[in-house]
Amino acid sequence: MRRSPRTPLLAALALIASAAQAEAPAPTGASWWKHVEFLASDSLEGRDTGSEGYRKAAAYVTEQLSAAGVKPGAGESYLQEVALVSRRLVEERSRLSLVRGGKETRLTLGKEAIISSRTGEAGSVDAPLVFVGYGLTIPEAGHEDLAGVDLQGKIAVVLQGGPEKVSGALRAHHGSTSERVKALKQAGAVGIVMLQNPKLVEVPWERAAGARKQPAMMFADPALNDDQGLKLSVVVNMAHAQKLFAGAPHTYDALVALANADKPLPKFELPSRLKAEVAFETSPVQAANVVGILPGSDPKLASEYVVISAHLDHVGIGEPVRGDRIYNGAMDNASGVAAVLEVARALQASPEKPKRSVLFALVMGEEKGLLGAKYFAARPTVPAAGLLADLNMDMFLPLVPFTHVVAYGQEESTLGASLEQVAAAHGVTVLPDPQPNRMGFVRSDQYAFIREGVPALAFKFGAVPGSPEEKTLRGWYSERYHAPSDDLAQPVDKEGAAKFVRLLAGLARTVANAPERPHWNDTSFFRRFAK
C-alpha cells in the first residue's frame, strides 16, 4: 500500500510531538536535590506546622506545581486551609508521682517520664495501674489483651509491640492511637502508660525528652479528633521502667524478655497508683495542605484520582543538639516532597498524559498526628468516590543505592502487584516490611486514606538483611531521626533518589492507566473500610 505524502501541517505536528518527547526532562538527582536544599535550609527553620517557615515551604511548593503546569486542586486555589489548636504541657504546673503504701515518689518529667500534650485532659488523675501486655484488642486474629481485666477507672500499662502471629498491618492498625484509645475507653480505663521495648526504640530518650517541649496540635473541630477521651497519656523511660514494677510479680526486664521471645504476656495489677496534675496552654493555629491536579487525558476516567502524597511539615526549632536548634527535616520529609514535585514535573512534561487524573497532596501536620492527611481524606477537594489510590512518600531514605524497596501495604491490595511489575522493569526487588512492630503502616499519611477506604502504599529504600546497606538505613534512626543532624550535610545517594522518582512516576502512570481501579485483596482486613 502506497503511503500518502505528509502535509506540512502533519509534519510540523509530528516534529513538535517528537521534540516534546525528546525534551521531557527525566528526573535527576540534581533536580530532586534542588528542592531538598530549599525545603531543608536553615531559613525555613524546620517547617513546623503553622510557622512562617511552613508558609514559605507551602509557597515554594505551590510555585513549583504551577511552574510544572499542574492545576490548582482546592477549587481555584492550591491551598486547603485547616483550623487547628496548638496545645503545650505547662510543666511547672504539672506533676507525676507513684503512690505506694501511702508514700508518694515524684517522677521527674523529661528524665523518667513524659506526659503527652496531644492525648489527655487538664486536671487531676489518681488511679491504680494494671499491666495489660501489649494492650491490643485484635478479634480478627484471636488476640485480646483487655478481656477479663478490670480496667474501670484504672490506668492501663502497655508494652510497645505486638504478637508475631498477627500480620504487621493488622498489628499496626490496632496499635494506632485512635484504635488503642477506643478500646481502652470501652474497657473503662482513664489513662495509658506506654513502656518502651529497647529492641524497638528508634529515638534515644534524650532526644524524645527534648521533643516534649514542642506543642502538639489537634483540629479546631472536635468532631475530627478521633484519638481523644483518656484523661492521661504517659511514656516511661525504659531506664526507669522497673520503678513501676517494684513489688510486682514480674519485672520489667522479664516482661521484655517474654515479648522478644514472642511468648504470652501476663496481666496483673501493679502495687503502685499513678497520681498526676496536668496543665495545658492552648492557642489557635492556621495551616494549609497544598493540592494540585494533573487532569486525566481520558474523559471517562478523568474523574478518578491517583493521589501522590507527602508531608510538608517537620518539627521546627527545638532543644539544641551540639549547639544546633534547627530540625531541618531533609529526609523527613523534604525528600518526599521533592519526589512528589519531580513526579509532577515528569508526568506533566510527558507527551502521553495519564488516563486518570493525578492529584498531588503536600500535607501539613503529619508530625502532629497525620492532621493534614486526615483532613484531606475526610473532606477531600474532589469527590471522595473518585479517590482510587494513595502513593505516599515519608522519609523514603535514599541513603544507599536503590536496588530494593519496601512498600507498607503491599500485601493488602492490588497495588502490590502493580508495584511488583513496575519495580521489576526498573531492576528493583520488592521486600517485605523488615520491622512490622515499628508499625510503619499506620505512622504516616497513607493511613488516613486507608481509614477512608482508599488502597495505599508507603515506600522506603530496602536492603538485604545483614548487609552494610541495612546497617546504614537502621543507623539513620538513632543518629538523625528527629534530630538537627537530619540536614543537608548528611550523605545521600542522589542517583538512588532519582531512580526512585522514575519508579514512582511509572507506578503512578500504571495505576492511572489500568483497566480497573485498584481494590483491596479478599484476605485484607482493610476491605471493611471500602466504600
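First residue of the sequence shown? That's 356 in this note's numbering, and the numbers climb one at a time after it.
Beta carbons: idealized from backbone N, C-alpha and C, even for Gly.
Source: prediction; values computed, not measured.
Here residue 628 is actually not in contact with residue 867; their C-beta atoms are around 57 Å apart, not less than 8 Å. In the three-state scheme derived from DSSP, where H, G and I count as helix and E and B as strand, residue 751 is classed as coil. Taking all protein chains shown into account, residue 615 has fewer than 16 neighbouring C-beta atoms within 10 Å of its C-beta and is therefore exposed. In the structure shown, residue 788 adopts coil according to DSSP, grouped into three states. Just measuring C-alpha positions, the residue of 406, 572, 741, 492 sitting nearest residue 871 is 741. Burial state of residue 460 is exposed, judged by a 10 Å Cβ sphere holding fewer than 16 other Cβ atoms. Under the criterion of beta carbons closer than 8 Å, residue 439 and residue 612 do not qualify as touching, at roughly 42 Å.
Within the same chain, 391, 394, 395 come within 6 Å of residue 689 by CB-CB distance, once the 5 residues on both sides are set aside.
Judged by DSSP secondary structure, residue 730 falls within the alpha helix (DSSP H) whose first and last residues are 726 to 733. Within the segment 799 to 831, the complete beta strand (DSSP E) runs of at least 3 residues fall at 811 to 816. Here the alpha carbons of residue 769 and residue 442 stand approximately 40 Å from one another. Secondary structure at residue 736: coil, using DSSP grouped into helix, strand and coil.
When rounded, the separation of the alpha-carbon atoms in residue 838 and residue 656 is 43 Å. Closest by C-alpha distance to residue 551, out of 543, 563, 877, 545, is 563. For residue 433, the three-state secondary structure derived from DSSP is coil. In the three-state reduction of the DSSP assignment, residue 758 falls in the coil class, being assigned neither a helical nor a strand state.
The Cβ neighbour count for residue 567, taken over all protein chains shown within 10 Å, is at least 16; the residue is labelled buried. Contact between the segment 617 to 633 and the segment 487 to 507 is present: 3 or more CB-CB pairs across the two stretches fall below 8 Å. In this structure residue 702 does not touch residue 692 by the C-beta definition: roughly 16 Å separates them, more than the 8 Å allowed. Ranked by how close their Cα comes to the Cα of residue 437, the residues 645, 673, 559 have 645 in first place.
Counting the other CB atoms within 10 Å of its CB gives residue 458 a total below 16, which places it among the exposed residues. Relative to the Cα of residue 557, the nearest Cα in the group 469, 835, 855 belongs to 835.
Where residue 674 is concerned, there is no enclosing alpha helix (DSSP H), although the beta strand (DSSP E) around it starts and stops at 672 to 676.
Listed as beta-bridge partners of residue 644 by DSSP are 435.
Look at residue 415 here: in three-state DSSP terms it is helix.
Per DSSP, residue 660 is one residue of the beta strand (DSSP E) stretching across 660 to 666.
The continuous alpha helix (DSSP H) containing residue 393 extends over residues 384 to 394.
Cβ neighbours of residue 709 within its own chain (closer than 8 Å, five residues either side excluded): 649, 651, 652, 661, 702, 863, 864, 867, 868.
Each residue's CA atom was taken as its position, placing residue 861 and residue 448 some 54 Å apart. Taking all protein chains shown into account, residue 780 has fewer than 16 neighbouring C-beta atoms within 10 Å of its C-beta and is therefore exposed.
Around the Cβ of residue 617, a 10 Å sphere holds fewer than 16 other Cβ atoms; the residue is exposed. Closest in alpha carbon position to residue 586, among 540, 605, 603, 594, is 540. Within a 10 Å sphere around the beta-carbon of residue 668 sit 16 or more other beta-carbons, which makes this residue buried.
Linking residue 411 to residue 722 through their CA atoms gives a straight-line distance of about 18 Å. Nearest C-alpha to residue 639 among 405, 389, 381: 405. Shortest Cα-Cα distance from residue 549 to any of 524, 596, 561 involves 596.
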